[in-house]
């Protein structure tokens, strides 16, 4: 059983640290975007360097006080708040936000955990390089949190998740030891892969304090298009065609449902829609080509071949940076439109690409059999990752359906699991999906996870209650 | 302390398994390519499916008998043999060699651990896809071993190590539990990354029995060139230029030292060399371009820009598949030529790209200060990975220098470590580099590794003595 980070503990810890390292936790540390949890922490620590993080963790470990590592607070599964149990100390990395180094020749950048994703992207851009991780909350999300949750986003298809973009870590382990692992190496086979164990562990195995990030060359030419597709199966055939023609240069491939654009028209009329009327299904795709290829020609070739194969019925290629921005604004505004409408249940599933069309068909059928719900099914279809979100019928409010919420989620998750999929593709487990992990997780994997957690964090101080139930 | 897999144990285990699952270990299981170790095992188990693997592991765990998971036996650091301590049971995956499924639309292939790398490559090829992992021993090496050691090779620059090419695993954990983790998902954030923990653990945390492998589209056009570069620094500038011009389409970028081609001329005169005389340093590069780009034009552009920048002095672009094969034969024959000459000490280091030229300069200086050694320094320079191998002076034999071997290695490894590098870039730790791991490894990482090993394999049955000292 843990002890609370109370005023006594905070006071004694503060004595060991530079002035103003600990403060009473302001409300912003206790909220999360979906409004499901309200944190119960009284104190936040704001260390300035890894040694201070280490001293804080050592003290917490000695006193058996829980810690919530805190990044930008944008997580969607409650990994950043706990509302029950002894109040943990929040350790926010916001003061450790330096870009420590950029090595353009090596395609490497070293950032502290508290740098926002947008700051990392900018630093790469200034060195004429690309840091391809990109997601809606990039202005607020911090890179440490992106790594702790193995964030995904729109460019995973080409560049991978946060995991694939990290070469090395500096981190504080649960006993307070500092792991100096900021290696700028593409190949390093010396012992177990501690890096990937911390990435995606959602702060339950340590605190990431800095990372070596992999940059990419900026593609010489970029092209963006929206195409109307017959159905999700046609979207997947279009992706296959695109990859046959252009290889790995397809950077993003997003599927958008008519429900999503209807929601935009209803709640955010300032967002411009590309067609009138809007088709049932559209795909937003972006390519980044090497020198010597004209992106609009490549996209025209793709459209022609896809039309020939009767996969697409209409298409628009962005003719300017402004039009490209318009296309992306439409895509990135969908989560906000969803919030305006108010979902009953939101999901972040992935299935094998070959099962994706079946998932959408059967998922819609199963939910429609439960009532007159609206379904907004959109997402990173190139990765098999869909946000399959369920909304009340027109004119009704989500509150009326709170009693069916769990049942609807169960239908969606059971189906994803049946099709070999995941109930958390990119958001993680946090506190929202701890039950799902026990229900759908492989028993051997679960027992290994539990053994690893107990071995590295025997007192269970790191982000207690996230990913795994408390002991 | 472990018990030996003796005749009694083998006999009782055989009773629980289909006929002919256990056999006396033939000599081929007890040898390894460098001839450093001679295995002491008496018995080999040859399971046909994962359930049999599970029963074998359970029995060994119960009897506290060690296990050596065995793939193709091509490892270069002795991970596949142990010559001391109680004789372990060898568990060879050679009967589990099926390609279970190919999903071309998903760019996914599922192979059993005993399939050779070449068989996996062929199965991908038949589906008009590429499995890019490629290394000299691919005809013999098995994919389970490639994954267990996180194998590298010539295409890491573009496609990553074995780790980056694996989406899911089926494995037997040290207590005999089967982890059914053959997920065909690009995104799956449900719990700790057990997959990457087993990959690179060299069989010390479980036995990989099957894997979901990531395929790539076959690039529409392939080009291969050899360019003479001024020095290693020029090679790196050439790489940077190539990536600026062609992005991620640079698949391979190998540096070859004049010593290497001299060794070829001396010991393998049938291997054709591209220039006469051979330059001090050459680079072998291969690109794979999307449709619409002509590889030879792209390589000519690169050569022209590199000549303008005074990075290259000569160049050849392969004009046919036969010439391409010739270029690669030269590169792939170097390890064999090295064996003909007989190295005193071989190394597999990596350093950050920005430190690579300094490593070569200082490494050569330091070794030359020790005596009139010949150094063959070659490798995957695009990954910062060099095989920096030391040979006796002309007319002398490596045996005369066995007393200085360790000292020379220490110089090379100390320098790599000082420059932020790794003493095992792609070969792993095995039994050869256990001491190096303790010497150069980060203490916090080492204690975490030890804790993980003890948690998952409390009796220490899995590949005892590899990666970590026995308890």
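Protein chains in written order, with our numbering: chain F, 618 to 1088; chain A, 618 to 1088.
Think of the CB as a built atom: it goes at the ideal place given N, C-alpha and C, for glycine as much as any other residue.
Residue j beta carbon less than 8 Å from that of residue i
i                      : j                      : result
residue 815 (chain A)  : residue 737 (chain A)  : no
residue 790 (chain A)  : residue 779 (chain A)  : no
residue 993 (chain F)  : residue 967 (chain F)  : no
residue 861 (chain F)  : residue 721 (chain A)  : no
residue 846 (chain A)  : residue 929 (chain A)  : yes
residue 626 (chain A)  : residue 682 (chain A)  : yes
residue 869 (chain F)  : residue 902 (chain F)  : yes
residue 723 (chain F)  : residue 663 (chain F)  : no
residue 1028 (chain F) : residue 1084 (chain F) : no
residue 732 (chain A)  : residue 751 (chain A)  : no
residue 838 (chain F)  : residue 912 (chain F)  : yes
residue 656 (chain A)  : residue 699 (chain A)  : yes
residue 909 (chain A)  : residue 910 (chain F)  : yes
residue 1009 (chain A) : residue 907 (chain A)  : no
residue 654 (chain F)  : residue 1048 (chain F) : yes
residue 1070 (chain A) : residue 757 (chain A)  : no
residue 1042 (chain F) : residue 805 (chain A)  : yes
residue 970 (chain A)  : residue 853 (chain A)  : yes
residue 881 (chain A)  : residue 954 (chain A)  : yes
residue 998 (chain A)  : residue 1036 (chain A) : no
residue 975 (chain A)  : residue 889 (chain A)  : no
residue 775 (chain F)  : residue 900 (chain F)  : no
residue 771 (chain A)  : residue 871 (chain A)  : yes
residue 873 (chain A)  : residue 932 (chain A)  : no
residue 796 (chain F)  : residue 811 (chain F)  : yes
C-alpha distance - residue i paired with residue j, whole-angstrom precision
i                      : j                      : result
residue 1058 (chain F) : residue 807 (chain A)  : 8 Å
residue 708 (chain F)  : residue 965 (chain F)  : 27 Å
residue 792 (chain F)  : residue 1073 (chain F) : 8 Å
residue 705 (chain A)  : residue 639 (chain F)  : 54 Å
residue 981 (chain F)  : residue 1053 (chain F) : 21 Å
residue 826 (chain A)  : residue 767 (chain A)  : 15 Å
residue 607 (chain A)  : residue 718 (chain F)  : Here chain A comprises residues numbered 618 to 1088, so residue 607 (chain A) is not present and cannot be evaluated.
residue 1020 (chain F) : residue 961 (chain F)  : 10 Å
residue 1006 (chain A) : residue 983 (chain A)  : 13 Å
residue 666 (chain F)  : residue 794 (chain A)  : 42 Å
residue 696 (chain F)  : residue 1087 (chain F) : 14 Å
residue 963 (chain A)  : residue 1026 (chain A) : 8 Å
residue 1032 (chain A) : residue 987 (chain A)  : 15 Å
residue 925 (chain A)  : residue 939 (chain F)  : 37 Å
residue 693 (chain A)  : residue 1004 (chain A) : 12 Å
residue 620 (chain F)  : residue 1081 (chain F) : 11 Å
residue 1064 (chain A) : residue 633 (chain F)  : 26 Å
Integer-rounded CB distance, given that residue j should sit under 8 Å from residue i
i                     : j                     : result
residue 798 (chain A) : residue 787 (chain A) : 6 Å
residue 832 (chain F) : residue 892 (chain F) : Wrong, their Cβ atoms sit about 36 Å apart, outside the cutoff.
residue 760 (chain F) : residue 828 (chain F) : 6 Å
residue 726 (chain A) : residue 741 (chain A) : 6 Å
residue 858 (chain A) : residue 922 (chain A) : 6 Å
residue 659 (chain A) : residue 676 (chain A) : With 8 Å as the limit, residue 659 (chain A) and residue 676 (chain A) do not qualify as a contact, their Cβ atoms being about 16 Å apart.
residue 951 (chain F) : residue 995 (chain F) : 6 Å
residue 754 (chain A) : residue 689 (chain A) : 7 Å
Per DSSP, the bridge partner or partners of residue i
i                      : result
residue 687 (chain A)  : A:709
residue 773 (chain A)  : According to DSSP, which records beta bridges pairwise, residue 773 (chain A) is partnered with nothing at all.
residue 996 (chain F)  : F:872 and F:1003
residue 966 (chain F)  : F:1003
residue 620 (chain A)  : A:682
residue 759 (chain A)  : A:733
residue 1084 (chain A) : Paired residues: none, contrary to the question.
residue 662 (chain F)  : F:639 and F:708
Cβ of residue i within 8 Å of any chain B Cβ
i                     : result
residue 874 (chain A) : Here chain B cannot be found, since the structure's protein chains are F and A.
Segments assigned beta strand (DSSP E), at least 3 residues, entirely inside the segment 696 to 739 of chain A: 706 to 709, 716 to 720 and 725 to 729
Please go through the segment 999 to 1078 of chain A and give each complete beta strand (DSSP E) segment of 3 or more residues, from N-terminal end onward. The qualifying runs are 1002 to 1008.
Complete runs of the beta strand (DSSP E) confined to the segment 622 to 653 of chain A [at least 3 residues]: Complete beta strand (DSSP E) runs here, min 3: 639 to 641.
Jot down the residue ranges of each uninterrupted beta strand (DSSP E) in the segment 885 to 952 of chain A, minimum 3 residues, whole runs only, in chain order. 898 to 906 and 929 to 934
Suppose only complete runs of 3+ residues qualify. What are the beta strand (DSSP E) ranges in the segment 776 to 854 of chain F, listed by chain order? 783 to 789, 795 to 798, 824 to 831 and 838 to 846
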